[in-house]
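Residue 53 in the numbering used here sits at position 26 of the sequence shown, with consecutive numbering throughout.
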Amino acid sequence: MNRTVALLLAAISCSHAFSTQPSVSAPRSATELFAEAEDRRSFLTTVAAVIPAVAYSAPAFASGGATAGKYTTIPIAKRRYYGRVQEAVHEFLLMGPAVIKGDLTDPVVQDFFDVTKTVVVQGKKKDINGVCNKKDGDCRAADIFDSRYNDMKTTMYLLGNAFRINQQKAPDNLPTVKAAKKFFKTMNLFERKVLKNPSSNDKAATALYAEALDQLDIYLDLVELPPTESGNYDKEFSTLVGESSRIT
């Protein structure tokens, strides 16, 4: 900033080399006119140098981009999805005792895949200042439901996609997304068993669950969450957007 002021003052001082006031003195010689022309050229040259210097000295602010994502996208994604991912892991682990026995008919297992059990988007009232302007008079909040597993897939993918430095890299090439998709592939096979023909003694389902558990731990490590055996997921988690990116 001081440099810019100095340059501007230098330009102004040069402007004193000639006057814009009309002259009432006697006609000047050719030598005097030539000298004044040289002064004018010197002034214009100085101004031409000052203008880009002023523009260059202006402070620049990052607009965000590929490198900025490392510092902004990840914390935002954590605030949005950490709660939902951790709640999904909590409910996934609750299935453990029943799945170890091979019992896919257990209500805890069934609920995890039930598309009518989990509120994924809380409804908002449609009235305006307490007055309902709807023609049918129905301004009640309408929640959107889905299965916890479907919400788990969505949030795991979106959280994993945020762990990038280069925005040009395709999501499927990110280690976090690759780990999530391996987990989904195994769990989709498990889901098929639960929904199509649940058994109370399905040892193949037990093996799938154990495989998915290992895959889930790999993913959790990549997105900076504790492993499944840490005890972190023994409690329920709020699925609302968090106020910080810290683990809660």
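Note that beta-carbon positions come from the ideal geometry of N, C-alpha and C, so glycine has one too.
Since the model is a prediction, treat every value here as computed from it, not as a measurement.
By the Cβ test, the region 219 to 231 is not in contact with the region 256 to 270, since fewer than three Cβ pairs between them sit closer than 8 Å. Under the Cβ criterion (8 Å, minimum of three pairs), the region 202 to 211 does not count as touching the region 225 to 237. Taking C-beta separations shorter than 6 Å and ignoring five residues to either side along the sequence, the partners of P225 in its chain run L131 and T132, following chain order.
In the DSSP assignment, V148 falls within the unbroken beta strand (DSSP E) covering T145 to V148. As far as DSSP is concerned, V204 takes part in no beta bridge. Exclusion of the five residues before and after A125 leaves D133, V135 and V136 as the residues of its chain whose Cβ lies within less than 7 Å of its Cβ.
With fewer than 16 neighbouring CB atoms inside 10 Å of its own CB, T143 falls in the exposed class. Counting C-beta pairs with one atom in each stretch, the region 239 to 255 and the region 111 to 120 have three or more that are closer than 8 Å, which means they touch. The Cβ atoms of F210 and A239 sit closer than 7 Å to each other. Measuring C-alpha to C-alpha distances from R175 to each of Q113, L216, N228 and Q195 identifies Q113 as the nearest. Taking the Cα of T181 as reference, the smallest distance to any Cα among T100, T255, P102 and Y109 is reached at Y109. Under the criterion of beta carbons closer than 8 Å, D178 and R111 qualify as touching, at roughly 6 Å.
In the structure shown, the three-state DSSP call for V116 is helix.
Distance from the CA atom of D229 to the CA atom of L247, rounded to whole angstroms, is 27 Å. For I192, no beta strand (DSSP E) segment is defined, and its DSSP state is neither H nor E. In the assembly as shown, G258 is an exposed residue. Its beta-carbon has fewer than 16 other beta-carbons within 10 Å. Comparing alpha-carbon positions, the option among N200, I127, V148 and I192 lying closest to I101 turns out to be I192. The closest CA to that of I171, considering only G187, L185 and V146, is found on V146.
According to DSSP, I127 shares a beta bridge with no other residue.
Within the region 165 to 191, complete beta strand (DSSP E) segments of at least 3 residues are found at 171 to 173, given in chain order.
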